[in-house]
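There are 4 protein chains.
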Amino acid sequence: MQESLAQISSGLAETASGFYSRGWMLGTSGNLSAVVNRKPLRLAMSPSGADKGALLAGQILLIDDQGRVVSEHRAKPSDESPLHIRIVKERGAGAVLHTHSTWSTMLSDIHAGAGGVAIEGYEMLKGLAGVKTHEYREWVPILENSQDMPALADAVGETLSQHKDSHAFLLRRHGLYAWGDDLIQAKRHVEILEFLLEVLGRRLLMTEDTN
Amino acid sequence: MQESLAQISSGLAETASGFYSRGWMLGTSGNLSAVVNRKPLRLAMSPSGADKGALLAGQILLIDDQGRVVSEHRAKPSDESPLHIRIVKERGAGAVLHTHSTWSTMLSDIHAGAGGVAIEGYEMLKGLAGVKTHEYREWVPILENSQDMPALADAVGETLSQHKDSHAFLLRRHGLYAWGDDLIQAKRHVEILEFLLEVLGRRLLMTEDTN
Amino acid sequence: MQESLAQISSGLAETASGFYSRGWMLGTSGNLSAVVNRKPLRLAMSPSGADKGALLAGQILLIDDQGRVVSEHRAKPSDESPLHIRIVKERGAGAVLHTHSTWSTMLSDIHAGAGGVAIEGYEMLKGLAGVKTHEYREWVPILENSQDMPALADAVGETLSQHKDSHAFLLRRHGLYAWGDDLIQAKRHVEILEFLLEVLGRRLLMTEDTN
Amino acid sequence: MQESLAQISSGLAETASGFYSRGWMLGTSGNLSAVVNRKPLRLAMSPSGADKGALLAGQILLIDDQGRVVSEHRAKPSDESPLHIRIVKERGAGAVLHTHSTWSTMLSDIHAGAGGVAIEGYEMLKGLAGVKTHEYREWVPILENSQDMPALADAVGETLSQHKDSHAFLLRRHGLYAWGDDLIQAKRHVEILEFLLEVLGRRLLMTEDTN
Chain L
1 MQESLAQISS GLAETASGFY SRGWMLGTSG NLSAVVNRKP LRLAMSPSGA DKGALLAGQI
61 LLIDDQGRVV SEHRAKPSDE SPLHIRIVKE RGAGAVLHTH STWSTMLSDI HAGAGGVAIE
121 GYEMLKGLAG VKTHEYREWV PILENSQDMP ALADAVGETL SQHKDSHAFL LRRHGLYAWG
181 DDLIQAKRHV EILEFLLEVL GRRLLMTEDT N
Chain Z
1001 MQESLAQISS GLAETASGFY SRGWMLGTSG NLSAVVNRKP LRLAMSPSGA DKGALLAGQI
1061 LLIDDQGRVV SEHRAKPSDE SPLHIRIVKE RGAGAVLHTH STWSTMLSDI HAGAGGVAIE
1121 GYEMLKGLAG VKTHEYREWV PILENSQDMP ALADAVGETL SQHKDSHAFL LRRHGLYAWG
1181 DDLIQAKRHV EILEFLLEVL GRRLLMTEDT N
Chain G
2001 MQESLAQISS GLAETASGFY SRGWMLGTSG NLSAVVNRKP LRLAMSPSGA DKGALLAGQI
2061 LLIDDQGRVV SEHRAKPSDE SPLHIRIVKE RGAGAVLHTH STWSTMLSDI HAGAGGVAIE
2121 GYEMLKGLAG VKTHEYREWV PILENSQDMP ALADAVGETL SQHKDSHAFL LRRHGLYAWG
2181 DDLIQAKRHV EILEFLLEVL GRRLLMTEDT N
Chain C
3001 MQESLAQISS GLAETASGFY SRGWMLGTSG NLSAVVNRKP LRLAMSPSGA DKGALLAGQI
3061 LLIDDQGRVV SEHRAKPSDE SPLHIRIVKE RGAGAVLHTH STWSTMLSDI HAGAGGVAIE
3121 GYEMLKGLAG VKTHEYREWV PILENSQDMP ALADAVGETL SQHKDSHAFL LRRHGLYAWG
3181 DDLIQAKRHV EILEFLLEVL GRRLLMTEDT N
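Residue numbers (this note's numbering), protein chains in the order written: chain L, 1 to 211; chain Z, 1001 to 1211; chain G, 2001 to 2211; chain C, 3001 to 3211.
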């Protein structure tokens, strides 16, 4: 398991560095996790408050299904660990990534009244697991932000069970959560959804569509 | 031929990495090819589903004119290989590059009703093969997106024969295809067209031009 | 003290390089400082007119509380050293960072009439020292720009005493000043505030919010 | 002179690479020069059609005041060499840099009717040689683009003599020319002006300034 943890931790650190460069994990924002073991659940999890542009694989914690650190680190896991654990359990995800981009922050607020944002008809959607055509409508639910993590985890659980086809959700004025069977898929999902949210956001600025 | 393939593959991988950094090949989107041999046709082609920020030269496949892998890889070539092959045949291109940028995605939709987007009067146009002055009008045709690759390849073929001067085309809500005599020229064409599509897109936002 | 200075200087140079890459310290703009000693005050300070993309740790000056160079450099410290010294004294800051981004430049002008810009309800605010929830309102005061450094330092002092909870201020059409207990925290604060100012700036462009 | 040329060429190649990364020299656009010798005039000049992201110091040509290559290269100098030579003569510049950014392309068109764009009241202006305060108005003249290089060089000469305080000019729908006493200053001027043109361009999008 330790070798596997080392590899997974390297992947998480590399992903963090790339997302930081794109401005999706500035100011220690965002967090990352990946499943190391299913039974009992062991999750490689980024520590709280780490600079994602300087995160080292050795800083990645191992936590259990209660969010307790089981590796020999003194650091705390991200406050949002309960959300990661819930997503892993509800979706059977192998990795969960949470980003804070300007576009996801804006769209999570602009579309909050509608309860989510629909992304439809784009080729990029085909990169989401199970989607075979651009003629597809992805619904990205938006949840109100909260600092009450158990309550927010329950809200996430409810949202996930109501929207079984959704590959991600937004927290209002907060950011994007996406996941995948493994880190490679989760990273792909984040890139696709951040790209498409930017497209939707920029389209909102175009008051005079020529079409 | 093998040495040549190695060099070409390195060039494709390097181009993929650069375009990924610019956000033009996120989420495994986009694909790249270059001619290794004309008769019989052998095309170096990016594999399906590869992370373009981590693509290695050794992952580049060799395919024939039917899109069959003739190198010793188990990976599949990009689903869009038929479009690459058609462009190579119709235009005598030595390399074909396909990007997914936010601006090309947006403009391919906004101008779809007009069947294309005209780019006129910009110095950057001079970088397109055969263009000697900025006083030039490039027509970038827009095709409806489709998952029916043989049909889409035929539509591409028809578009290419109707618009013999065009250096590229857009697939609606999908992205840009550009090509060139070799990879260097194809890369230059992509950079020029992505730049100019961004300029046109940003100009659409300016409701009050002062001129 | 010298070893500590070397470490601090490396940190400042690395921060400058990262901010330069993001376009926040172009054209030799911006400056950086960190406390090396409190009594007597010794501040590691970037030299005037240095290219922040090429700044070396060895170029970082040591200055006293009057802005005089006490290291063996011939270079001048940044003209804005008095502002850094004032912030260190008023806030007990361990590091002060000053950036010039397009968004902070624009918002410092657009909101100048209101005397500042309020940032409220965003999760990213939680990364500011002492902030525990997104349900928080950060007031970023805006000061008129001036070349009279003693007068501007006094205006900064007054602003800091009037707005004791503020983590940063803007100089009109000039840029952002943020600070922290140490360089790590100051860097985090800059990233958070530049991110949020970009969000607010882009929201201003959205004339038709759908919510 | 040869050692000096080697150093200057390295500086030009490094500058090209940095500007390419920022998207200011895409698609082989833009060109760079620096004075190696005054009498007789010898200019280090980028070759025509080079990829600025891959430009090597060894590719930099040495040309005379007629634009003839005097180094042992077979490559052609940039078509726009006459403009570089004219700027060097008229302004006594030690380096000339020409970029193609989206913002300078747009603003050179939007403000063409006014014959130029005024940039006033920004702190960043202080980075221009000889400017001591933000209370300054920089006039950036805009010239109509042309492929007739001798005529365009004459128009540049006339503009430079009419606007003796200007640090740069724009060619319409083409890009920015800036210069400096040496490459370091010219690079600083480009960064400052590209930054400020982006600020002005983004301000044009804000139809509802709150101030």
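Ideal placement from N, C-alpha and C gives every residue a C-beta, glycine not left out.
Name the chain Z residues whose beta carbon is nearer than 7 Å to that of residue i?
i      : result
L/L205 : L1205
L/V199 : T1102, T1105 and M1106
Taking 8 Å as the CB-CB limit, is residue i close to chain L?
i       : result
G/Y2020 : no
If you check the beta carbons only, do residue i and residue j fall under 8 Å apart?
i       : j       : result
L/V131  : L/G116  : no
Z/P1082 : Z/P1150 : yes
Z/A1044 : Z/W1179 : no
G/T2102 : G/E2194 : no
G/A2075 : G/S2048 : yes
Z/K1128 : Z/I1063 : According to the sequence displayed, residue 1128 of chain Z carries Leu and not Lys. Contact: no.
C/S3046 : C/A3016 : yes
G/A2057 : G/S2010 : yes
L/N37   : L/E80   : no
C/K3187 : C/L3097 : yes
Keeping to the same chain, check which residues put their C-beta closer than 7 Å to that of residue i; ignore five residues upstream and five downstream.
i       : result
G/H2163 : W2139 and P2141
L/G157  : R86 and E90
C/H3134 : G3121, Y3122, E3123, L3125 and K3126
C/L3061 : M3045, P3047, V3069, S3071, H3073, A3075 and P3077
G/D2182 : G2094 and A2095
C/E3208 : Only weak support is given to the placement of C/E3208: the predicted model assigns it a pLDDT of 49, under 50, and the question is left unresolved by the model.
Z/S1217 : Outside the modelled stretch of chain Z, which goes from 1001 to 1211, sits residue 1217 of chain Z, for which no answer is possible.
L/G201  : W103, M106 and L107
Would residue i count as contacting chain G if we go by Cβ distances under 8 Å?
i       : result
C/M3025 : no
C/F3195 : yes
Quick check on residue i - is its C-beta less than 8 Å from some C-beta in chain C?
i       : result
G/N2031 : no
G/G2157 : no
At a CB-CB cut-off below 7 Å, which residues of chain G make contact with residue i?
i     : result
L/T28 : G2127 and R2188
Residues of chain C with CB closer than 7 Å to the CB of residue i, please, in chain order.
i       : result
G/N2145 : E3123 and H3134
Z/E1191 : L3026 and G3027
For a contact meaning CB atoms closer than 9 Å, what does residue i contact in chain G?
i      : result
L/G175 : E2123 and M2124
L/L171 : E2123
Mind pulling the chain Z residues with CB within less than 8 Å of residue i?
i       : result
C/D3051 : I1184, K1187 and R1188
Mind pulling the chain Z residues with CB within less than 9 Å of residue i?
i      : result
L/R202 : T1102, W1103, M1106, G1201 and L1205
Apart from the five residues just before and just after residue i, which ones in its own chain have a Cβ nearer than 6 Å to its Cβ?
i       : result
G/Y2136 : L2125
C/W3024 : T3099 and S3101
L/R22   : none
G/Y2020 : K2052 and G2053
Z/L1160 : E1090
C/E3144 : R3172
Who are the Cβ neighbours of residue i in its own chain at under 8 Å, not counting the five residues just before and after it?
i       : result
Z/S1153 : One point to set straight first is that residue 1153 of chain Z is Ala, not Ser, in the sequence displayed. Counting only Cβ-Cβ distances below 8 Å, and skipping sequence neighbours, we find P1082, L1083, I1085 and R1086.
Z/L1205 : none
L/D109  : R172 and R173
G/P2040 : D2064 and D2065
C/T3210 : Residue confidence for C/T3210 is low, a pLDDT of 46 falling below 50, so the modelled location carries little weight and cannot support an answer.
L/I8    : A34, V36, A44, I60 and L183
Item to complete: Evaluate the contact criterion for the segment 2182-2199 of chain G versus the segment 2118-2134 of chain G: three or more CB pairs, one atom per stretch, below 8 Å.
Response: Verdict: yes, contact present.
Fill in: Stretch-stretch touch, CB-based, cutoff 8 Å, three pairs: the segment 1105-1114 of chain Z with the segment 1166-1177 of chain Z
Short answer: they touch.
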